[in-house]
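> To convert a position in the sequence shown, counted from 1, into our numbering, add 30. Structure below; questions to follow.
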Amino acid sequence: VLHSLGVEHCYYVITPFLSGNPLLCDCQITWLLDSLPPGTKRGVPVCASPPRLAGRMLYNLTVNDLVAWPEDCDNGCTCQCHEDSMTGWAVYVNCSGGNLKQLPRTFPENAWKLDLSGNSVEHLDERLVAKAPGLRSLSLRRNLLSSVDRSTIPENVTVLDLRDNRLKRFPLDLVSTLNLTSIWLAGNPWSCDCEDYAFRQWAEGHSDMIQDADEIFCAEGFNVLVSLKSFMEVGQKELCPSVVSKAVSYGIFMLVLAAAALTVSTVYLKYKREIKVWLYARGLCRSLQCIKEDDLDEEKSFDIFLSFSSKDSSWAYEHLIPRMEAHGFTVCTYDRNFKGGFLIQDIIHEAVACSRRTLLLLSENFVQSEWCRWEFRVAHHQALEDNIN
Numbered sequence: 031v032l033h034s035l036g037v038e039h040c041y042y043v044i045t046p047f048l049s050g051n052p053l054l055c056d057c058q059i060t061w062l063l064d065s066l067p068p069g070t071k072r073g074v075p076v077c078a079s080p081p082r083l084a085g086r087m088l089y090n091l092t093v094n095d096l097v098a099w100p101e102d103c104d105n106g107c108t109c110q111c112h113e114d115s116m117t118g119w120a121v122y123v124n125c126s127g128g129n130l131k132q133l134p135r136t137f138p139e140n141a142w143k144l145d146l147s148g149n150s151v152e153h154l155d156e157r158l159v160a161k162a163p164g165l166r167s168l169s170l171r172r173n174l175l176s177s178v179d180r181s182t183i184p185e186n187v188t189v190l191d192l193r194d195n196r197l198k199r200f201p202l203d204l205v206s207t208l209n210l211t212s213i214w215l216a217g218n219p220w221s222c223d224c225e226d227y228a229f230r231q232w233a234e235g236h237s238d239m240i241q242d243a244d245e246i247f248c249a250e251g252f253n254v255l256v257s258l259k260s261f262m263e264v265g266q267k268e269l270c271p272s273v274v275s276k277a278v279s280y281g282i283f284m285l286v287l288a289a290a291a292l293t294v295s296t297v298y299l300k301y302k303r304e305i306k307v308w309l310y311a312r313g314l315c316r317s318l319q320c321i322k323e324d325d326l327d328e329e330k331s332f333d334i335f336l337s338f339s340s341k342d343s344s345w346a347y348e349h350l351i352p353r354m355e356a357h358g359f360t361v362c363t364y365d366r367n368f369k370g371g372f373l374i375q376d377i378i379h380e381a382v383a384c385s386r387r388t389l390l391l392l393s394e395n396f397v398q399s400e401w402c403r404w405e406f407r408v409a410h411h412q413a414l415e416d417n418i419n
């Protein structure tokens with residue numbers, strides 16, 4: 031039982047006799063018209079399908095009768111059957127220049143190519159995916175499209191023409207998910223900003239797929255750095271000026287911050303004690319425990335400044351001072367550790383300042399001495415200033 035007949039490998043002219051066969055009269059048998067002897071009716075088959083040609087004698091048909099495909103062809107479109115090496119036959123749907131504002135409602139079975147150029151289509155829906163899943167070539171040139179969603183394009187499309195629309199964003203999701211072999215993009219007002227940098231990187235490695243790469247230009251008014259420039263000639267610095275400037279600004283800020291941190295660290299290491307003393311004296315450092323009282327006393331010459339009345343000096347030198355020094359304390363007295371020739375007030379100030387603590391030999395003689403009371407006030411003031419007990 032033969033279901034098909036091919037003559038592509040026949041090297042001699044033959045005269046086929048096919049009467050009595052349920053012949054499908056479409057574009058796949060156009061060759062048979064040329065094989066029929068002129069004027070003969072003997073052995074000429076009768077068409078069994080499609081319905082519009084059923085019962086008609088093949089010799090009464092023309093090539094146009096076999097190629098025309100009105101089944102499911104929407105108004106405003108012309109549909110023709112063509113031989114196809116992959117599927118045997120395919121339907122080309124031509125809806126160009128029909129002033130359509132939306133996609134056709136129906137598509138013929140096995141629609142392979144759709145030409146919608148020169149219409150007023152503003153957006154695509156999922157009709158193509160549902161009605162023409164086998165579509166491989168799609169022309170949307172010269173329409174009013176401002177965007178093309180990936181979900182509206184059948185997955186078998188390999189040829190896509192998007193020229194002369196209102197597209198502003200390059201369709202990265204389309205080119206990265208479809209198995210395209212050819213795409214046209216020129217004639218759109220591409221904004222050419224940082225959002226298009228990923229597509230620019232893709233285009234760099236797929237320039238052979240973009241058939242009009244040299245004709246794609248950035249629109250005027252969006253990004254002044256690239257207005258009217260060829261898209262394939264612009265780089266990241268032009269597409270993303272704000273990102274680059276932000277990166278530079280961030281780098282400069284980090285350098286300044288690092289330099290400031292280095293300067294502060296150097297100053298701190300050099301004047302560590304002075305800074306700690308200043309903070310401690312103002313109560314800013316005690317709660318943070320950044321300095322101990324021992325740190326404040328680190329560079330002082332004496333452990334104790336002993337303040338006493340001159341009337342008690344014998345007892346101090348004979349009993350008190352020897353006992354303190356025996357325990358390892360260094361003791362300062364203004365009459366023993368300071369030379370004469372200076373004001374007594376200055377000597378007292380210096381003695382208090384260069385000693386870690388001030389010890390008052392409190393006696394009746396001390397209370398009655400004006401200078402002893404002066405020493406007490408100086409020692410008290412120093413303690414308040416150093417914020418220590």
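Heads up, the beta-carbon is just placed ideally off N, CA and C, and yes, glycines get one too.
1. Along the chain, where does the alpha helix (DSSP H) containing Gln231 start, and where does it finish?
2. Quick one: residues in its chain with C-beta nearer than 8 Å to the C-beta of Asn140, no 5 flanking neighbours on either side, listed in chain order?
3. Note the first and the last residue of the continuous beta strand (DSSP E) segment covering Arg157.
4. Give every residue of the same chain whose Cβ lies closer than 7 Å to the Cβ of Ala346, excluding the five residues on either side of it in the sequence, and list them in chain order.
5. According to DSSP, is Glu394 helix, strand or coil?
6. Are the CB atoms of Arg10 and Asp333 nearer to each other than 9 Å?
7. In chain order, what residues of the same chain have a beta carbon less than 8 Å from the beta carbon of His349, not counting five sequence neighbours either side?
8. Can you check DSSP and say which residues form a bridge with Lys143?
9. Kindly indicate which three-state DSSP category Cys103 falls into: helix, strand or coil?
10. Within the same chain, show all residues whose beta-carbon is closer than 8 Å to that of Gln110, passing over the 5 residues directly before and after it, in chain order.
11. What residues are listed by DSSP as bridge partners for Ile213?
12. Can you tell me which of Cys224, Tyr227, Trp214 and Asp226 puts its alpha carbon nearest to the alpha carbon of Glu245?
13. Between which residues of its own chain and Pro184 is the CB-CB distance below 7 Å, once the five residues before and five after are set aside?
14. Please name the residue in Tyr89, Glu101 and Leu63 whose C-alpha comes closest to that of Pro80.
15. Measure from the alpha carbon of Gln241 to the alpha carbon of each residue in Val151, Cys103, Met262 and His112, then state which is nearest.
16. Contact defined as beta carbons within less than 8 Å: I believe Leu63 pairs with Val93. What is the distance between those atoms, to the nearest angstrom?
17. Would you mind sorting Asp179 into buried or exposed? The rule is 16 or more other CB atoms within 10 Å of its CB.
18. Does DSSP put Thr363 in a helix, in a strand, or in coil?
19. What residues are listed by DSSP as bridge partners for Ile334?
20. By alpha-carbon positions, which one of Trp232, Cys222 and Ala243 ends up nearest to Pro271?
21. With DSSP as the reference, label Cys77 as helix, strand or coil.
22. Given Arg196, which residues of its chain have a CB within under 8 Å of its CB, disregarding the five upstream and five downstream residues?
In short, the structure shows the following:
1. Position 201 of the sequence shown holds residue 231. For Gln231, the uninterrupted alpha helix (DSSP H) run begins and ends at Tyr227 to Gly235, by DSSP.
2. Stepping through the sequence shown from its first residue, residue 140 is reached at position 110. Excluding residues within five positions, the ones whose Cβ falls inside 8 Å are Thr117, Trp119, Ala120, Val121 and Gly164.
3. For this step, residue 157 is matched to residue 127 along the sequence shown. Arg157 -> not in any beta strand (DSSP E); alpha helix (DSSP H) instead, spanning Arg157 to Lys161.
4. Here the question's residue 346 lines up with position 316 in the sequence shown. Only Leu336, Phe338 and Leu391 meet the Cβ criterion.
5. Here residue 394 refers to the residue found at position 364 of the sequence shown. The DSSP-derived three-state label of Glu394 is helix.
6. In the structure displayed, the chain extends from 31 to 419; residue 10 sits before or after that span and is not available.
7. Mapped onto the sequence shown, residue 349 falls at position 319. So no residue of the chain qualifies.
8. In the sequence shown, counting from the first residue as 1, residue 143 sits at position 113. Beta-bridge partners of Lys143 (DSSP): Tyr122 and Ser167.
9. Here the question's residue 103 lines up with position 73 in the sequence shown. Look at Cys103 here: in three-state DSSP terms it is coil, with no helix or strand label.
10. Within the sequence shown, the letter at position 80 stands for residue 110. Closer than 8 Å at Cβ, skipping near neighbours: Cys57, Val97, Ala98, Trp99, Val121, Tyr122 and Asn124.
11. Numbered from its first residue, the sequence shown carries residue 213 at position 183. Per DSSP, Leu190 and Ile240.
12. For the purposes of this step, residue 245 is taken as residue 215 along the sequence shown, with counting starting at 1. Per the Cα distances, Trp214.
13. In the sequence shown, residue 184 corresponds to position 154, counting from 1. Result list for Pro184: Leu158, Val159, Ala162, Pro163 and Leu165, in chain order.
14. The residue labelled residue 80 in the question sits at position 50 within the sequence shown. For Pro80, the closest C-alpha among the options Tyr89, Glu101 and Leu63 is that of Glu101.
15. The residue you call residue 241 lines up with position 211 of the sequence shown. That would be Met262, whose Cα lies nearest to the Cα of Gln241.
16. To locate residue 63, count along the sequence shown from 1; it is residue 33. To locate residue 93, count along the sequence shown from 1; it is residue 63. Confirmed, Cβ separation roughly 6 Å.
17. Your numbering for residue 179 matches position 149 in the sequence shown. By the neighbour-count criterion, in which 16 or more other beta carbons inside 10 Å mark a residue as buried, Asp179 falls on the exposed side.
18. For the purposes of this step, residue 363 is taken as residue 333 along the sequence shown, with counting starting at 1. Looking at Thr363 - three-state DSSP - the assignment turns out to be coil, as it is neither helix nor strand.
19. Here residue 334 refers to the residue found at position 304 when the sequence shown is read from its first residue. In the DSSP output, where bridge partners are listed per residue, Ile334 has Val361 and Arg387.
20. Working through the sequence shown from its first residue, we reach residue 271 at position 241. Across the set Trp232, Cys222 and Ala243, the C-alpha of Cys222 shows the shortest separation from the C-alpha of Pro271.
21. Taking the sequence shown and counting its residues from 1, the one referred to as residue 77 is at position 47. The answer is strand: DSSP assigns Cys77 an E or B state.
22. Here residue 196 refers to the residue found at position 166 of the sequence shown. For Arg196, where only same-chain residues beyond five positions count, the Cβ hits under 8 Å are Leu174, Leu175, Ser176, Asn218 and Pro219.
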